[in-house]
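2 protein chains.
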Amino acid sequence: MGLSALTDRQQALLDHLASFVAKQGYAPSLQEIAHAFGFSSLQGVKDHLKALERKGYVRRRPGQRRAITLMGPPRPFANGIPILGRVPAGTPQLALEQYDERLTLDTATLGPGRHFALQVKGDSMIHAGIHDGDYVIVRQQDTAEPGAIVVALLGEDATVKYLRRRGRQVRLEAANPAYRPIPLHGHVPAPKILGRVVGLYRAFR
Amino acid sequence: MGLSALTDRQQALLDHLASFVAKQGYAPSLQEIAHAFGFSSLQGVKDHLKALERKGYVRRRPGQRRAITLMGPPRPFANGIPILGRVPAGTPQLALEQYDERLTLDTATLGPGRHFALQVKGDSMIHAGIHDGDYVIVRQQDTAEPGAIVVALLGEDATVKYLRRRGRQVRLEAANPAYRPIPLHGHVPAPKILGRVVGLYRAFR
DNA sequence: TGACTTACTGTATATAAATACAGTACCCTC
DNA sequence: GAGGGTACTGTATTTATATACAGTAAGTCA
Numbered sequence: 000m001g002l003s004a005l006t007d008r009q010q011a012l013l014d015h016l017a018s019f020v021a022k023q024g025y026a027p028s029l030q031e032i033a034h035a036f037g038f039s040s041l042q043g044v045k046d047h048l049k050a051l052e053r054k055g056y057v058r059r060r061p062g063q064r065r066a067i068t069l070m071g072p073p074r075p076f077a078n079g080i081p082i083l084g085r086v087p088a089g090t091p092q093l094a095l096e097q098y099d100e101r102l103t104l105d106t107a108t109l110g111p112g113r114h115f116a117l118q119v120k121g122d123s124m125i126h127a128g129i130h131d132g133d134y135v136i137v138r139q140q141d142t143a144e145p146g147a148i149v150v151a152l153l154g155e156d157a158t159v160k161y162l163r164r165r166g167r168q169v170r171l172e173a174a175n176p177a178y179r180p181i182p183l184h185g186h187v188p189a190p191k192i193l194g195r196v197v198g199l200y201r202a203f204r
Numbered sequence: 000m001g002l003s004a005l006t007d008r009q010q011a012l013l014d015h016l017a018s019f020v021a022k023q024g025y026a027p028s029l030q031e032i033a034h035a036f037g038f039s040s041l042q043g044v045k046d047h048l049k050a051l052e053r054k055g056y057v058r059r060r061p062g063q064r065r066a067i068t069l070m071g072p073p074r075p076f077a078n079g080i081p082i083l084g085r086v087p088a089g090t091p092q093l094a095l096e097q098y099d100e101r102l103t104l105d106t107a108t109l110g111p112g113r114h115f116a117l118q119v120k121g122d123s124m125i126h127a128g129i130h131d132g133d134y135v136i137v138r139q140q141d142t143a144e145p146g147a148i149v150v151a152l153l154g155e156d157a158t159v160k161y162l163r164r165r166g167r168q169v170r171l172e173a174a175n176p177a178y179r180p181i182p183l184h185g186h187v188p189a190p191k192i193l194g195r196v197v198g199l200y201r202a203f204r
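Protein chains in written order, with numbering that gives the first Met the number 0: chain A, 0 to 204; chain B, 0 to 204.
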């Protein structure tokens, strides 16, 4: 089963919604919909939207203006990919209703600040689940709390390390014990923190 | 070149706009933008939007709620984050010229096909560097070559496993040897392949 | 016949959100 | 060292818009 059937008017309203969003980049207000259909009242629009929401074609945020999200197949995953919530047993195809959130790599997901990505070389952080070839997503900052995974510049090389406090010394440590820890101060060349690792991406070939 | 250059903050705001619209299907309100960036006032948002409008990146309808239209050619890397190539020695701040590529999670990066993401539960794939809480990005398909990491439906649970061939038997194997392999055929309940794992994302708190 | 759904009109109220004005701070550059 | 642009905070006001309640009318199902 997919989505339940729509009446002619509900379909017309859904079509109008889709074309409005495609054209303007934002959803119409209730009065704009009413005007487009020649309604003199808003209640008709509300009723139709309520039906569309009940049948799973749109989702609304109560009280918010123009907060209508179109659901359903014709929405490409242009930006971000849907996160599958529960997996219904024996479902032949994955129902759209299951998608609630979306996974993206942008400032909205990552929070404020400048970000960059860096491809990891070597296996010094393999015990932290960071493998050779992985991309770490880094929020640019020049300090970090102990315990954080940071990207530090050591001479000419950018390295991914834990920032750890040992007594009164703060140092960079690899997750792999085969690598020597590096004190943050009093080391030549002086390490410089480029940012904190906030995400990781790996592509499987 | 057509559109004039943007400041970092203006670019960040434009990226946020693009991803919000892509995710929600409608534009954000000024307060939502302010909240996303941690502003306590709306004037900053207004100023930035004004700059973006003056430079031709967006168009607004005065007085209307959420009436922000993104202009210009659809920028494919609107939501990506830059990948830092070489790290120049001793550079005080990271120069923009160093960024050559961008990391995105969209169909352009992932290739053709439908994709979804799934949050991994448990440590059955920890030896493959897939940890509890990681998101795997899955290309939807119902078969896969042996050697691939797949997401399979086992009864009501979606599990991440290697697809391996042993002799003439094809079976699902965990990377963690503590878990039993499951033959693809002749097992109850019958495993069903949902797709192949093509990527992995992890967020660090 | 009556209950139920769809498809609206009409009026009133509440509020989310845009606008406006005043001010601070930090660059630039001329 | 004055002037302009960027990047905000803080408070107040207005309004576009969502919501609520009370109806009417036609079709359909049982």
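All C-beta atoms in this analysis are idealised placements derived from N, C-alpha and C, irrespective of residue type, glycine included.
| task | Could you name the residues of the same chain whose beta carbon sits closer than 8 Å to that of D133(A), not counting the 5 residues immediately before and after it, in chain order? | result | Here residue 133(A) refers to the residue found at position 134 of the first sequence. Taken in chain order, the residues that qualify are Q118, V119, L199, Y200, R201.
| query | Are the segment 128-142 of chain B and the segment 175-189 of chain B in contact at 8 Å, needing three or more beta carbon pairs? | reply | no
| said: Is it the case that the segment 23-35 of chain B contacts the segment 146-165 of chain B, given that we only count it when at least three CB pairs across the two stretches are under 8 Å? | reply: no
| Alpha-carbon spacing of A4(A) relative to L51(A), whole angstroms | What you label residue 4(A) is simply residue 5 of the first sequence in a count that begins at 1. What you label residue 51(A) is simply residue 52 of the first sequence in a count that begins at 1. In a straight line, the C-alpha of A4(A) is about 10 Å away from that of L51(A).
| task | Assuming F203(A) contacts V150(B) (C-beta within less than 8 Å), just tell me the rounded distance between them. | result | The count along the first sequence starts at 1 and reaches residue 203(A) at position 204. The count along the second sequence starts at 1 and reaches residue 150(B) at position 151. Not a contact, Cβ separation roughly 12 Å.
| request: Kindly indicate which residue of I181(B), H34(B), G43(B), S39(B) has the alpha-carbon position closest to the one of Q9(B). | output: In the second sequence, residue 9(B) corresponds to position 10, counting from 1. Nearest C-alpha to Q9(B): G43(B).
| field | Within chain A, partners of A174(B) - CB distance below 7 Å | value | In the second sequence, residue 174(B) corresponds to position 175, counting from 1. Residues of chain A passing the Cβ test: none, with the nearest at roughly 12 Å.
| task | Could you have a look at R170(B) and say whether DSSP puts it in helix, strand or coil? | result | Numbered from 1 along the second sequence, position 171 holds the residue referred to as residue 170(B). R170(B): strand per DSSP, three-state reduction.
| Interfacial residues, the segment 39-53 of chain B to chain A, with Cβ spacing under 9 Å | none
| query | From which residue to which residue does the alpha helix (DSSP H) around Q10(A) run? | reply | Walking along the first sequence from the start, residue 10(A) turns up at place 11. Looking at the DSSP string, the run of the alpha helix (DSSP H) that includes Q10(A) is 7-23.
| request: Could you tell me the distance, in whole angstroms, from the CA atom of L193(B) to the CA atom of Q168(B)? | output: In the second sequence, the residue the question calls residue 193(B) occupies position 194. In the second sequence, the residue the question calls residue 168(B) occupies position 169. Going by the C-alpha atoms only, they are around 19 Å apart.
| task | Please work out which residues of its chain come closer than 6 Å, Cβ to Cβ, to S123(A), disregarding the five sequence neighbours upstream and downstream, and give them in chain order. | result | The residue given as residue 123(A) occupies position 124 in the first sequence. Same-chain partners within the cutoff: A173, N175, Y178.
| Given that a residue counts as buried once 16 or more other Cβ atoms are within 10 Å of its Cβ, and exposed if not, what is D14(B)? | Counting from 1 along the second sequence, the entry for residue 14(B) is found at position 15. That one is buried.
| Extent of the continuous alpha helix (DSSP H) to which I32(B) belongs | As a working mapping, residue 32(B) is identified with position 33 in the second sequence. Where I32(B) is concerned, the enclosing alpha helix (DSSP H) stretches over 29-36.
| query | Using the C-alpha atoms, what's the distance from A127(A) back to A147(B)? | reply | Numbered from 1 along the second sequence, position 148 holds the residue referred to as residue 147(B). Numbered from 1 along the first sequence, position 128 holds the residue referred to as residue 127(A). Distance between the alpha carbons of A147(B) and A127(A) is about 23 Å.
| said: How far does the beta strand (DSSP E) with Q139(B) in it extend, from its first residue to its last? | reply: Walking along the second sequence from the start, residue 139(B) turns up at place 140. Q139(B) -> beta strand (DSSP E) spans 134-139.
| task | Please look up how many angstroms separate the CB atoms of R58(A) and T68(A), rounded, as I've assumed it's under 8 Å. | result | As a first step, residue 58(A) must be located in the first sequence, where it is residue number 59. As a first step, residue 68(A) must be located in the first sequence, where it is residue number 69. That pair is a contact at about 5 Å.
| message | Just to make sure I have the definition right: I need the residues of chain B whose C-beta is within less than 8 Å of the C-beta of I67(A). Which are they? | response | Position 68 of the first sequence, counting from 1, holds the residue named residue 67(A). Under the 8 Å cutoff, chain B gives G24, Y25.
| query | Three-state secondary structure (DSSP) at V150(A)? | reply | Here the question's residue 150(A) lines up with position 151 in the first sequence. Here V150(A) sits in strand by DSSP.
| field | Residue(s) in a DSSP beta bridge with F115(B) | value | Taking the second sequence and counting its residues from 1, one reaches residue 115(B) at position 116. V137(B).
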